[in-house]
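Enquirer:
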Amino acid sequence: TTALSPLSTQLRDAATAALGRVGVTAPEPPAAGGLPVVSPLSGEPILTLPEAGAADVDAAVAAAADAFRAWRSVPGPARGAVIKRLGELLTEHKADLAELVTIEAGKITSEALGEVQEMIDVCDLAVGLSRTLGGRTMPSERPGHRLMEQWHPLGVVGVVSAFNFPVAVWSWNTAIALVCGDTVVWKPSEKTPLSSLASNALLRRALAEAGHPAAVSTVVVGGREAGEALVADRRVALLSATGSERMGQQVAPVVAARGGRYLLELGGNNAAVVAPSADLDLAVRGIVFAAAGTAGQRCTTLRRLIVHSSVVDDVVARLQRAYTGLPIGDPRAGGTLVGPLTDAAARDRMLAALDEARADGGTVVVGGEAVDVDGAPGASYVSPAVVRMPAQTDVVRRETFGPVLYVMAYDTLDEAIAMHNDVPQGLSSAIFTMDVREAETFLSEGGSDCGIVNVNIGTSGAEIGGAFGGEKSTGGGRESGSDSWKQYMRRVTNTVNYSTELPLAQGVNFG
Ligand code: UN1
């Protein structure tokens with residue numbers, strides 16, 4: 008209560024008020040220890056919360072497993088009605104949740120509102136799914152037999168989410184898991200507990216209104232210990248985790264060893280190819296949003312630009328102009344386009360990456376500096392950087408989670424595609440071209456090796472109707488739209504004999 012700066016006091020009061028409007032009382036700080044909630048807007052703790060440990064996770068999973076036994080038998084459309092209500096509550100509290108996202112994740116208001124809109128959109132999708140979760144029937148080779156499949160609820164789903172999409176990624180998993188008849192235990196990033204508590208409170212209100220138990224969805228606010236307990240728990244049938252490639256390498260073997268399923272959304276090192284025929288006005292607008300938006304902290308952020316040598320100087324000059332005018336500052340202020348990085352470590356990693364790029368022969372064309380913002384000396388603001396690179400060196404092949412765009416030149420499309428795919432990650436990609444052969448080649452099996460491949464649009468800002476995720480070290484998982492729901496259910500194959508005979512398959516005779 009001492010020494011809170013005026014900005015942090017204002018952020019604490021705004022967060023507490025937003026929580027209050029959602030119906031959440033900020034938990035009392037524990038007598039000792041606890042989890043400090045640091046806002047990237049001030050770089051200082053604004054509140055301290057009790058920190059859940061392994062015992063709390065154990066209790067949450069036990070309650071979720073118990074709730075599953077009832078929830079799995081609630082008719083799908085009735086489960087959908089709960090998610091429909093969640094969508095209404097999210098719509099009603101859109102501004103409140105967005106404010107919490109801005110305070111905890113540092114997103115500009117428009118992007119924070121967009122994140123809540125993404126939650127509302129996935130609720131709509133899940134409501135539709137709740138009436139259409141369908142299996143197939145196949146022709147049996149045997150007369151008087153029916154061969155079919157059913158999709159049944161899977162069990163407890165564990166969700167581990169990251170700071171940069173603190174609530175949307177939870178909703179992708181939870182809205183769909185719930186209509187599939189699963190129950191959820193959520194371990195959000197320790198950087199974003201308030202928006203998590205608010206989101207889950209709205210879901211619990213929707214559950215309570217329809218007479219369902221609260222334990223259908225639980226949030227556990229904790230750090231590493233809580234996360235590890237959730238990953239290791241045998242009762243968690245599916246563990247869906249978003250975070251770094253390193254985190255995924257630790258999670259996958261633990262879940263696999265206990266026979267669980269995992270769904271991983273890990274790093275991206277997304278690139279766009281700019282071909283000679285590209286509409287450069289459109290390309291530059293797409294590139295700036297994808298590379299500098301969210302201060303470069305989306306897993307879909309554009310990090311590499313592979314530009315034909317005939318237009319590379321022009322593209323870099325246009326980017327330099329656009330970047331010079333980017334308003335950096337308090338993400339709540341109208342007009343700001345670039346908010347703070349999540350913490351000082353993120354800023355230091357970005358500055359170190361730029362040093363490494365320079366040592367590799369790169370030239371920082373614009374940006375790439377720490378920026379002081381009035382009244383926020385503890386915050387970590389940076390100017391988004393464009394770096395001309397002579398080649399795709401090691402630093403370019405790693406994901407640095409900040410607004411750094413490396414630019415490389417190419418001469419043939421084959422060379423561009425080879426460079427594009429020559430990174431460990433495989434999340435999102437784009438080509439800017441007016442040439443249908445180039446576009447289709449990039450979309451084809453011999454083109455981009457990513458899970459998301461776009462034409463004349465940047466790498467970020469995917470809609471929820473498609474499956475979201477990527478290949479290689481990105482983890483292989485798919486969330487949100489298309490048939491991603493199948494991962495949240497178990498498939499059962501049934502053969503029904505309605506004849507009076509007992510023919511064996513494959514023509515086998517047995518006595
Ligand atoms: C993430 O950064 O973890 O496609 C998710 C996008 C958003 C989701 C990003 N719809 O950029």
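Counted the way full-length UniProt numbering counts, the sequence shown spans residues 8 to 518.
All C-beta atoms in this analysis are idealised placements derived from N, C-alpha and C, irrespective of residue type, glycine included.
Note that the structure is a prediction, hence the values are computed from the model and not measured.
Just to check, is the beta-carbon of F170 closer than 7 Å to a non-hydrogen atom of ligand 1?
Expert: no
Enquirer: Under the criterion of a Cβ to heavy atom distance below 7 Å, does S467 qualify as lining ligand 1?
Expert: yes
Enquirer: Can you give me the Cβ contacts of V228 inside the same chain, cut-off strictly under 6 Å, excluding the 5 residues immediately before and after it?
Expert: L56, A59, P200
Enquirer: Looking at the structure shown, is H219 part of a helix, part of a strand, or coil, going by DSSP?
Expert: Assignment of H219 by DSSP, reduced to helix, strand and coil, places it in the coil class.
Enquirer: Taking E478 as the reference, give the member of D429, E445, I464, M415 with the closest Cα.
Expert: D429
Enquirer: With a threshold of 7 Å (Cβ to nearest heavy atom), would V176 be considered close to ligand 1?
Expert: Yes, the beta carbon of V176 sits closer than 7 Å to at least one heavy atom of ligand 1.
Enquirer: I'd like the list of long-range same chain contacts for residue 6, defined as Cβ closer than 8 Å, with 5 residues on each side in sequence excluded.
Expert: As shown, the chain starts at 8 and ends at 518. That puts residue 6 outside it, with no answer to give.
Enquirer: Contact defined as beta carbons within less than 8 Å: I believe G482 pairs with L273. What is the distance between those atoms, to the nearest angstrom?
Expert: 4 Å
Enquirer: In terms of DSSP beta bridges, what is N501 paired with?
Expert: M155
Enquirer: Between the Cα of A353 and those of A302, S487, E447, spot the shortest distance and give me the residue it belongs to.
Expert: A302
Enquirer: With a Cβ-Cβ cutoff of 8 Å, do L420 and E445 count as a contact?
Expert: Taking 8 Å as the Cβ cut-off, L420 and E445 qualify as a contacting pair.
Enquirer: Whole angstroms is fine: what's the gap from N504's alpha carbon to N516's?
Expert: 17 Å
Enquirer: If you count every other CB in all the chains shown that lies within 10 Å of the CB of S506, and 16 or more means buried, which is it?
Expert: exposed
Enquirer: For A244, list the residues DSSP reports as bridge partners.
Expert: In the DSSP output, where bridge partners are listed per residue, A244 has none listed.
Enquirer: Under DSSP, the alpha helix (DSSP H) around T331 begins and ends at which residues?
Expert: 319 to 331
Enquirer: Note down the Cα distance separating G250 from A169, rounded to an integer number of angstroms.
Expert: 6 Å
Enquirer: Looking only at its chain, what residues have a beta carbon closer than 6 Å to the beta carbon of G230, apart from the 5 residues adjacent to it on each side?
Expert: E197
Enquirer: For the alpha helix (DSSP H) containing A298, name the first residue and the last one.
Expert: 287 to 299 is the span of the alpha helix (DSSP H), which, as asked, contains A298.
Enquirer: If you draw a straight line from the C-alpha of V443 to the C-alpha of V322, how long is it?
Expert: About 21 Å.
Enquirer: Would the beta-carbon of E125 be found less than 7 Å away from any heavy atom of ligand 1?
Expert: Correct: E125 has its Cβ closer than 7 Å to ligand 1.
Enquirer: Confirm, please, whether the CB-CB distance from L287 to G165 is below 8 Å.
Expert: No, the Cβ-Cβ distance between G165 and L287 is not below 8 Å.
Enquirer: What do you reckon, is the C-beta of E272 under 7 Å from a heavy atom of ligand 1?
Expert: Yes, ligand 1 has a heavy atom inside 7 Å of this Cβ.
Enquirer: Mind checking whether the beta-carbon of T307 lies closer than 7 Å to any heavy atom of ligand 1?
Expert: For ligand 1, at least one heavy atom lies less than 7 Å from the Cβ of T307.
Enquirer: Tell me the residue span of the beta strand (DSSP E) that contains F439.
Expert: 435 to 439
Enquirer: Nearest CA to the CA of L140: which residue from K101, P150, M126, C187?
Expert: C187
Enquirer: Between the segment 179 to 195 and the segment 252 to 269, do at least 3 Cβ pairs fall closer than 8 Å?
Expert: Of all C-beta pairs linking the segment 179 to 195 to the segment 252 to 269, fewer than three are shorter than 8 Å, placing the two stretches out of contact.
Enquirer: Can you give me the Cβ contacts of P84 inside the same chain, cut-off strictly under 6 Å, excluding the 5 residues immediately before and after it?
Expert: S137, R138
Enquirer: Keeping to the same chain, check which residues put their C-beta closer than 8 Å to that of A208; ignore five residues upstream and five downstream.
Expert: V29, G30, V31
Enquirer: Is E35 helix, strand or coil by DSSP?
Expert: coil
Enquirer: Would you kindly work out how many angstroms separate the C-alpha atoms of L204 and V44, rounded to a whole number?
Expert: 13 Å
Enquirer: With DSSP as the reference, label L97 as helix, strand or coil.
Expert: helix
Enquirer: Counting pairs of beta carbons, one from the segment 317 to 333 and one from the segment 462 to 472, are three or more of them closer than 8 Å?
Expert: no
Enquirer: Please name the residue, chosen from V223, D320, V167, P338, that lies closest to E118 on a Cα-to-Cα basis.
Expert: P338
Enquirer: Examine ligand 1 and report whether any of its heavy atoms sits within less than 7 Å of the Cβ of T343.
Expert: no
Enquirer: Is residue 529 near ligand 1 - that is, is its Cβ less than 7 Å away from at least one heavy atom of it?
Expert: There is simply no residue 529 to check, as the chain begins at 8 and stops at 518 in what is shown.
Enquirer: I'd like the list of long-range same chain contacts for A290, defined as Cβ closer than 6 Å, with 5 residues on each side in sequence excluded.
Expert: Cβ neighbours of A290 beyond the five flanking positions: V281, F439.
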